[in-house]
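Structure record follows, encoded as structure tokens.
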Amino acid sequence: MPREGTGPDFIEALARGLEVITAFRPHRPEMTLAEVAGAAGLARPTARRILLTLEELGYVRTDGRGYALTPRVLDLGVAYVRSMGLWDVARPHLERLVARTGESCSIAQLDGSDIVYVARVAVPKIVGLTVQIGTRFPALPTSLGKVQLAALPPDELDAVLAQPTRSGLVPRWQPDRAERDAELREVRARGWALTDEQLALGIRSVAAPLRDGSGRVLAGVNVNCHAAETPVDRLLEHHLPLLLQTAGEISADFARLDDVPHVTVPAVS
1 MPREGTGPDF
11 IEALARGLEV
21 ITAFRPHRPE
31 MTLAEVAGAA
41 GLARPTARRI
51 LLTLEELGYV
61 RTDGRGYALT
71 PRVLDLGVAY
81 VRSMGLWDVA
91 RPHLERLVAR
101 TGESCSIAQL
111 DGSDIVYVAR
121 VAVPKIVGLT
131 VQIGTRFPAL
141 PTSLGKVQLA
151 ALPPDELDAV
161 LAQPTRSGLV
171 PRWQPDRAER
181 DAELREVRAR
191 GWALTDEQLA
201 LGIRSVAAPL
211 RDGSGRVLAG
221 VNVNCHAAET
231 PVDRLLEHHL
241 PLLLQTAGEI
251 SADFARLDDV
261 PHVTVPAVS
């Protein structure tokens, strides 16, 4: 996030407040004032004023020694999902796909060089990485990321992948440019993506793109399984056809949603 904007309307205080919120990560859920200031790159007095403001608004709590986010921060992300109508559209399709595959299914969208999970229906299985709404992974070694990266023009792809990940995770697969481009060409040609323990040991998944009425890729949807339980053949021969059908159904619902006229009725005073 830029500290200084490119125009006169940029609100630096708002940018700093968001930097403080995003400074809290899974490996540091609670921090002292000095740690927050250091993580956000702010002077301690500035960080203190921001933390006090966020505390008054209910986004931060403190025990007098350290600061931590409150569940109210989730409202910011949930507002995004609700504004998209994505969960309402996708939920019955994801639930049906989970029932037919017996595996967890998720939807994620690109955010820089990462994917962020925005919808998920999980089954109680032990996997190597915990996933919930808001979880962030590097995009390239995930099936959900591959189907979205493959839809980008070359210049945009390079710009996206040049951004550093904010996931805090180092993936097992570290391809060079030629290997990366070959992988994404294959994904683009066949219309789906597979990842087999490229992100982390034990994680195997297949994903398909979700599109709007114009054909633009909005997100990815996947079936995720444990590599020790579900062989690749099972994933591709049984789960993939069901996934592709589900992706088509969700995309069709997105297109229908776009076609619905939206009318704002003024309130009666």
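Yeah, the sequence shown ends on 269 if you go by UniProt numbering, and it's all consecutive.
For each residue, glycine too, the CB sits at the ideal point set by N, CA and C.
Own chain partners of residue i with C-beta closer than 8 Å, once the 5 adjacent residues on each side are dropped
i, result
"residue 183", "146, 175"
"residue 23", "31, 36, 39, 40"
"residue 59", "21, 69, 70, 72, 73"
"residue 249", "93"
"residue 62", "51, 55, 68"
"residue 29", "68, 69"
Neighbourhood of residue i by C-beta distance below 6 Å, restricted to the same chain and skipping five residues each side
i, result
"residue 151", "217"
Burial state of residue i (16 or more Cβ within 10 Å)
i, result
"residue 148", "buried"
"residue 14", "exposed"
"residue 120", "buried"
"residue 86", "buried"
"residue 103", "buried"
"residue 52", "exposed"
"residue 79", "exposed"
"residue 11", "exposed"
"residue 190", "exposed"
"residue 118", "buried"
"residue 164", "exposed"
"residue 231", "exposed"
Residue i versus residue j - alpha carbon distance
i, j, result
"residue 17", "residue 42", "10 Å"
"residue 71", "residue 178", "43 Å"
"residue 123", "residue 207", "17 Å"
"residue 155", "residue 108", "22 Å"
"residue 214", "residue 220", "16 Å"
"residue 56", "residue 33", "16 Å"
"residue 188", "residue 222", "16 Å"
"residue 39", "residue 161", "23 Å"
"residue 212", "residue 253", "9 Å"
"residue 92", "residue 203", "25 Å"
"residue 229", "residue 105", "16 Å"
"residue 89", "residue 158", "31 Å"
"residue 256", "residue 247", "14 Å"
"residue 242", "residue 66", "48 Å"
"residue 64", "residue 133", "30 Å"
"residue 19", "residue 44", "14 Å"
"residue 8", "residue 76", "25 Å"
"residue 233", "residue 48", "55 Å"
"residue 25", "residue 195", "25 Å"
"residue 170", "residue 131", "16 Å"
"residue 98", "residue 27", "30 Å"
"residue 141", "residue 110", "13 Å"
Cβ separation of residue i and residue j, assumed to be a contact under 8 Å, to the nearest whole Å
i, j, result
"residue 251", "residue 210", "5 Å"
"residue 198", "residue 180", "No, residue 198 and residue 180 are not in contact; Cβ-Cβ is about 12 Å, not under 8 Å."
"residue 238", "residue 125", "That belief does not hold up - the Cβ atoms of residue 238 and residue 125 are roughly 17 Å apart, past 8 Å."
"residue 153", "residue 113", "Contact flag wrong, Cβ pair sits at about 16 Å."
"residue 116", "residue 100", "With 8 Å as the limit, residue 116 and residue 100 do not qualify as a contact, their Cβ atoms being about 26 Å apart."
Neighbourhood of residue i by C-beta, 7 Å cutoff - its chain only, sequence neighbours within 5 removed
i, result
"residue 192", "147, 206, 207, 208, 240, 244"
"residue 50", "16, 17, 20"
"residue 46", "16"
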